[in-house]
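Chains as they are written, first to last, in the working numbering: chain A, 3 to 480; chain B, 135 to 442. Every residue, glycine too, gets a C-beta built ideally from N, C-alpha and C. Data first, discussion second: the structure below is written as structure tokens.
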């Protein structure tokens, strides 16, 4: 039984028709061999230049230092090249199928969208894997000098693979989103360059934090920095993966606006993180903890929303939603955002909350909106697609988002409230707030944000369960 | 086998399909015709599970295209009007890729590919690179791909577009063979005489609405109350036309390529009287016969050239 299960998983991963097709076509192209040659020439030149330019050590104890230096040079060179090469392999994967009029043939076949995305990504990762394996002889020179443990080299390769997966997903995301490969390529590299510019300031702090094995937060909140970064990267990868799938199925206007809002907030959070790092804040600073937790939380919530996406179920109602005019008009969402901004700015002026708190709370709100949009779609599918109902429901959601900020005006210990609001779904930090409004829910005494969060999660679970129930109930028409 | 219930689709503000109700029985060859922009491709994309209708629902072999898309894809073969093939692949590689995409077990793929290559007469091109195939050959390749999973229903959108006369005849023979094999065919095309040869039923779509549906003869019976007649004279066609127009029971009198065409409602005796009247006028009557009505005539009569 177990054997058949393993075989099924292996078949799913390796007998993927898209992967085989891409490998067949892709590896016959001349540019693939040219790229690999260029990659090896650059790495070989860097190694040769280092070895020839390095002065002969006066003491054998200097050799490990040189080994570490060479390892650093090779790692950063490979990282740069992986970031530059991987999107070029994925940017044209889906938009190219569209341009070639072959995407419909794939969509009309029995291939699932997850197989299409995995096959396309798998091709890019297989090629990057080939590049990394072919660079092993040069990396092995490091062991001649010493100073670097094999585990560090393996970890470096793991980081490169993860970065390749993220860069590949980014390319695929734009490829699924755009109709032309040239547009997808421009946007993917634009985002990469922007990320580089924004991220470069935080890079030294992050590298130092990672090398010293620092933790994020204190006490029971403390998690290793590498784990935090890994979780964030995985959440972002999951988000991109699901967005690509959604683009392959169908475009929905209000979700794309919410997606932009979410991504903007997430990037703003990262920016605040970088800003705080460069201004010499400690990793254990409560504001930094709040901002970073929030960044992870927004991504996690959005990913959860994606998993609960009742799209195929709610699709027939989409037209009714669109006609309501609420979800289709960007003006509505800009209005909601501006109202939220005005309220939060007012609260900030009254209570003197920091920029990090405001930005991270905005990020949280954006994540909530993404989450709610999917829940709402599920409810629409269940209860009907009346425009009035949509208007009422969206108004209620906006109110739910805004209401928790109102007690701030009367709350004496506002900073802890801000912190509590941002990190409420994490039971580990419940102890941080003592002065939160308490509510009784099903015999439990909970603070207000936690109660809200539990209700929302319960609602999402209910929608998911009903969706599954309806799926299993529907059989062939008699 | 195919059932559309109140199917509507809207592209932004434009209504492409307006409450379409349609039924195609098992083993039928259904010709789906209509002017450009009538909503044919939209209907076909909904049936192929590529598009979700704004309203209504469609069923293929009893499976809903909305809730049971995978089941629909299992029983339906779809050939779009414009499709791309992957340059850099050989013919057998292309077909093997789609065989895997349609979940044909690995052990059976080679045999299935050989079977469809034989059926579509592409066996000799098995090892050819796709970029070296002609347009007609590519069309055959796409049809071969469509047949890989032995679907009960074939939905073909303009299968003969862009083909030369010989390739069209070959394709028509292939489609006729498929109807003999018991497949249900749902074919849209602008080239109506081709469809008339092998299609048993026809649906005419205009501005997103089905204006006529059924067997060609049935539609004719509802459209034409009476007989379609054609008259040829050697002299003074206009006078002959005026005479016919004045005769009781004549309608829709027109001249086309030097031939007088009209509809006649009345007894055979009345018709004989009209013929004798024309002969008496000494106009050089050389033909007085019932016109054979084809799919093109039906199409022209029931449509008004309105685009949705």
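Specify the secondary structure class of residue 207 of chain B as computed by DSSP and reduced to three states.
Per DSSP, reduced to three states, the secondary structure at residue 207 of chain B is helical.
In whole angstroms, give me the CA-to-CA distance for residue 493 of chain A and residue 42 of chain A.
Here chain A comprises residues numbered 3 to 480, so residue 493 of chain A is not present and cannot be evaluated.
Check distances from the C-beta atoms of the region 96–117 of chain A to those of chain B and list, in chain order, the residues that come in under 9 Å.
99, 101, 102, 103, 104, 105, 106, 107, 108, 109, 110, 111, 112, 113, 114 and 117
Against chain A, does residue 268 of chain B count as a neighbour if the rule is that its beta carbon must be under 7 Å from one of theirs?
no
What's the C-alpha gap between residue 409 of chain B and residue 173 of chain B?
Using only the alpha carbons, I get a separation of about 44 Å.
If I measure Cβ to Cβ from residue 242 of chain A and keep anything under 7 Å in the same chain, skipping five residues before and after, which residues do I get?
So the list reads 171, 172 and 175, once near-sequence residues are dropped.
Using the three-state DSSP reduction, which class does residue 191 of chain B fall into: helix, strand or coil?
strand
With DSSP collapsed to three states, give me the class of residue 280 of chain B.
helix
Beta strand (DSSP E) containing residue 155 of chain B: first to last residue?
148–158
What is the residue span of the alpha helix (DSSP H) that residue 176 of chain B lies within?
174–181
What would DSSP say about residue 217 of chain B, mapped onto helix, strand or coil?
coil
Mind checking residue 254 of chain A: buried by the 16 CB within 10 Å criterion, or exposed?
Any reading at residue 254 of chain A needs caution, since the residue's pLDDT is 43, under 50, leaving its predicted position unreliable; the model's value is listed next. So residue 254 of chain A ends up on the buried side.
Using CA atoms only, rank isn't needed, just tell me which of A:71, A:33 and A:32 is closest to residue 51 of chain A.
Comparing Cα positions, the closest option is A:71.
Using a Cβ cut-off of 7 Å, which residues of the region 277–309 of chain B contact any Cβ in chain A, in chain order?
Within the region 277–309 of chain B, no residue has a Cβ that lies closer than 7 Å to any Cβ of chain A.
Can you pull the chain B neighbours of residue 182 of chain A, defined as C-beta to C-beta under 7 Å?
What residue 182 of chain A touches in chain B: nothing, since even the nearest Cβ is about 15 Å away.
CA nearest to the CA of residue 349 of chain B, picked from B:360, B:339, B:340 and B:335:
B:335
Return the chain-ordered ranges of every beta strand (DSSP E) run that is complete within the region 346–424 of chain B and spans a minimum of 3 residues.
361–367, 384–390, 393–398 and 419–424
Can you give the Cα-Cα distance for residue 38 of chain A and residue 85 of chain A, rounded to whole angstroms?
14 Å
Buried or exposed: which applies to residue 209 of chain A, given that a residue is buried once 16 or more other Cβ atoms fall within 10 Å of its Cβ?
exposed
Measuring CA to CA, which of A:127, A:126, A:152 and A:125 is closest to residue 138 of chain A?
A:152
Using a Cβ-Cβ cut-off of 7 Å (strictly less than) and excluding sequence neighbours within five positions of residue 312 of chain B, which residues of its own chain qualify?
288 and 319
Between residue 236 of chain B and residue 111 of chain A, which are expected to be in contact by the criterion C-beta below 8 Å, what is the C-beta distance as a whole number of angstroms?
The Cβ separation is near 6 Å, so the contact holds.
Short CB-CB distance (under 7 Å) between residue 239 of chain B and chain A:
no
So which residues on chain A does residue 227 of chain B lean against when the C-beta distance must stay under 7 Å?
Those within 7 Å of residue 227 of chain B in chain A are 26.
Would you mind sorting residue 437 of chain A into buried or exposed? The rule is 16 or more other CB atoms within 10 Å of its CB.
Only weak support is given to the placement of residue 437 of chain A: the predicted model assigns it a pLDDT of 49, under 50, and the value that follows is read from those uncertain coordinates. Exposed is the call here.
Please tell me whether residue 296 of chain B and residue 269 of chain B are closer than 7 Å, where the distance is taken between their beta carbons.
yes
Range of the contiguous alpha helix (DSSP H) that encloses residue 304 of chain B:
Note, residue 304 of chain B: alpha helix (DSSP H), 299–314.
Give me whichever residues DSSP pairs with residue 14 of chain A in a beta bridge.
DSSP, once it has assigned bridges, lists no residue as partnering residue 14 of chain A.
So for residue 115 of chain A, helix, strand or coil by DSSP?
helix
Taking the straight line between their C-alpha atoms, what separation do you get for residue 264 of chain B and residue 229 of chain A?
49 Å
Chain A residues whose Cβ lies nearer than 7 Å to that of residue 216 of chain B
103
Could you tell me whether any Cβ in chain A is nearer than 7 Å to the Cβ of residue 235 of chain B?
yes
Any idea if residue 78 of chain A is buried or exposed, counting beta-carbon neighbours within 10 angstroms, 16 or more meaning buried?
exposed
Bounding residues of the beta strand (DSSP E) (the contiguous stretch that carries residue 224 of chain B)
Taken as a continuous stretch (DSSP letters only), residue 224 of chain B belongs to no beta strand (DSSP E), as it is neither H nor E.
Distance CB(residue 153 of chain B)-CB(residue 193 of chain B) smaller than 7 Å:
no
Close-in-space but distant-in-sequence residues of the same chain around residue 159 of chain B (CB under 7 Å, 5 per side omitted)
135
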